[in-house]
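Let me begin by presenting the structure, written as structure tokens, before commenting on it.
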Amino acid sequence: MENGLLVTFLISVLILGAAAGYAFYQNLQIKRRKRIVQEQEKSSQYSIETHESKEVPKRSAQLEETLSKLNEKPTRKTILPVHKEVLYETQNVDAECFYYFKGARILYVEDNKINQSIMKSILKKSGIDLVLADNGKEALEILDSEDGRFDLILMDISMPVMDGIEASRLIRMDTRFDRIPIVAFTAFSGGEEIAKMLEVGSNAFLTKPLNINQLYTAFRIFMKQGYRDTDLENLLKIEGLDIKEGLHWFEENEERYKESLKAFYYRYEPTYKLVPKWIEEKRYDRVKAECFQLQSILGEIGAYEMKALVDDMIKDFIYKNEHLLPRFSHIYPVVFRTLLNAIDQYLQDERK
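Under our numbering, the first residue of the sequence shown is numbered 515, with each subsequent residue one higher.
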């Protein structure tokens with residue numbers, strides 16, 4: 515027993531009696547121990563924060579300003595297109611298809627290591643630079659340190675430290691990141707969680723578990739695409755156009771096939787963007803007529819991807835599900851543009 519406490523104990527016994535004096539002394543001991551523990555915790559916390567600060571990249575003034583808005587709740591809308599519907603599932607997608615996005619940089623914000631591994635497995639041969647962040651705060655620091663040099667952000671919603679809603683809000687408050695699309699991941703295909711993500715600046719959402727067909731659709735909508743290096747032999751099937759199949763329909767007569775492709779190109783190149791406009795205006799009769807007209811032509815020229823999409827749109831008309839057509843609004847012009855580019859590429863040799 516320390517001298518100071520011993521003196522206190524003896525005085526309390528003399529004044530209060532043995533039992534009361536001992537109780538008073540015990541209470542004093544408990545308070546003293548609590549004070550020591552609090553001081554130790556404070557010291558330990560300081561040392562941990564000091565250690566971690568050495569590991570984290572130095573924050574820029576812009577990031578400090580952004581983080582200062584943590585306790586505020588202002589929001590800033592995205593300047594990029596917003597897709598509020600469940601994304602269309604592109605057909606016949608495998609890991610090899612993602613090679614068309616070779617050279618792109620993606621920030622994947624996800625605290626679940628299994629989900630991180632799945633994404634890495636899908637994209638490992640694509641040539642895409644995939645950067646991982648375990649939470650929203652880490653994502654902000656990565657964006658800041660690399661000055662936002664990313665083509666797309668895939669953002670989980672439920673995470674520790676900082677969730678996807680708060681991270682997306684803060685990203686949109688920083689004008690450096692205006693041109694980076696944010697696609698949210700959620701276990702729910704509707705409701706308040708998705709509404710909040712769209713409100714704070716997300717551009718679309720994907721449902722869990724990961725659907726590779728929807729993921730590919732998101733890439734098609736929000737990222738630029740390049741063709742693979744290919745020789746003339748492999749050109750028989752470039753993305754969006756199966757030339758071998760098209761030639762088969764024209765009895766291997768390449769001249770007739772090319773004439774058909776030219777006619778298709780000049781007929782639809784100026785007008786293909788009208789379909790999303792008609793969907794928005796609910797002019798479904800125009801959309802229906804266009805789809806049925808396209809259906810037979812696309813099969814004959816070997817436009818396999820566009821035909822699969824149009825077939826799915828026609829199913830909505832057959833089953834009276836016209837209200838589902840808005841999910842095609844963003845992907846329709848993307849796939850059609852890919853087809854037109856493929857036709858243009860195939861016809862280039864003749865124009866030289």
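For each residue, glycine too, the CB sits at the ideal point set by N, CA and C.
N- and C-terminal bounds of the alpha helix (DSSP H) containing residue i
| i | result |
| --- | --- |
| residue 633 | 627-637 |
| residue 658 | 650-659 |
| residue 689 | First-last for residue 689: undefined, no H or E at that position. |
| residue 832 | 818-832 |
| residue 790 | 788-794 |
| residue 593 | Residue 593 -> no alpha helix (DSSP H), and no H or E assigned at all. |
| residue 805 | 798-815 |
| residue 711 | 706-713 |
| residue 727 | 726-736 |
| residue 771 | 768-782 |
DSSP beta-bridge partners of residue i
| i | result |
| --- | --- |
| residue 645 | 621 |
| residue 696 | 667 |
Cβ-based neighbour list, residue i, same chain, cut-off 6 Å, excluding 5 preceding and 5 following
| i | result |
| --- | --- |
| residue 597 | 718, 844 |
| residue 660 | none |
| residue 828 | 805 |
| residue 594 | 695, 717 |
| residue 839 | 793, 830 |
| residue 645 | 621 |
| residue 647 | 623, 653, 656 |
| residue 764 | 770, 771 |
| residue 761 | 771 |
| residue 734 | 848 |
Test item: CB-CB of residue i and residue j under 8 Å
| i | j | result |
| --- | --- | --- |
| residue 577 | residue 658 | yes |
| residue 715 | residue 592 | yes |
| residue 709 | residue 722 | no |
| residue 697 | residue 664 | no |
| residue 755 | residue 816 | yes |
| residue 861 | residue 776 | yes |
| residue 851 | residue 602 | no |
| residue 825 | residue 809 | yes |
| residue 699 | residue 666 | no |
| residue 691 | residue 642 | no |
| residue 823 | residue 849 | yes |
| residue 720 | residue 732 | yes |
| residue 604 | residue 730 | yes |
| residue 726 | residue 636 | yes |
| residue 847 | residue 786 | yes |
| residue 757 | residue 859 | no |
| residue 633 | residue 679 | no |
Beta-carbon proximity list for residue i, same chain, < 8 Å, skipping 5 on both sides
| i | result |
| --- | --- |
| residue 516 | Summary for residue 516: the model assigns pLDDT 49, below 50, so the residue's position carries little reliability; its value from the coordinates is reported in the next sentence. Taken in chain order, the list of residues that qualify is empty. |
| residue 608 | 726 |
| residue 559 | Summary for residue 559: the model assigns pLDDT 44, below 50, so the residue's position carries little reliability, and this model does not support an answer. |
| residue 766 | none |
Element boundaries [beta strand (DSSP E), containing residue i]
| i | result |
| --- | --- |
| residue 720 | 718-721 |
Buried versus exposed, by CB contacts within 10 Å (16 or more), residue i
| i | result |
| --- | --- |
| residue 745 | The predicted model places residue 745 with a pLDDT of 41, which falls under 50 and marks its position as unreliable, so this point remains unresolved. |
| residue 784 | exposed |
| residue 856 | buried |
| residue 795 | exposed |
| residue 650 | buried |
| residue 674 | exposed |
| residue 670 | buried |
| residue 640 | buried |
| residue 589 | exposed |
| residue 631 | exposed |
| residue 627 | exposed |
| residue 818 | buried |
| residue 780 | exposed |
| residue 662 | buried |
| residue 575 | exposed |
| residue 693 | exposed |
| residue 688 | buried |
| residue 569 | At residue 569, the pLDDT of 46 sits below 50, so the modelled position is not reliable and the matter cannot be decided from this model. |
Cutoff 8 Å: residue i Cβ touching any chain C Cβ
| i | result |
| --- | --- |
| residue 789 | The chain inventory of the structure shown lacks chain C, comprising one protein chain alone. |
7 Å Cβ shell around residue i - same chain, five flanking residues per side excluded
| i | result |
| --- | --- |
| residue 820 | 754, 812, 849, 850, 853 |
| residue 551 | With a pLDDT of 45 at residue 551, under the threshold of 50, the modelled position of that residue is not reliable, and the figure given next carries that caveat. Cβ within range, chain order: n/a, list empty. |
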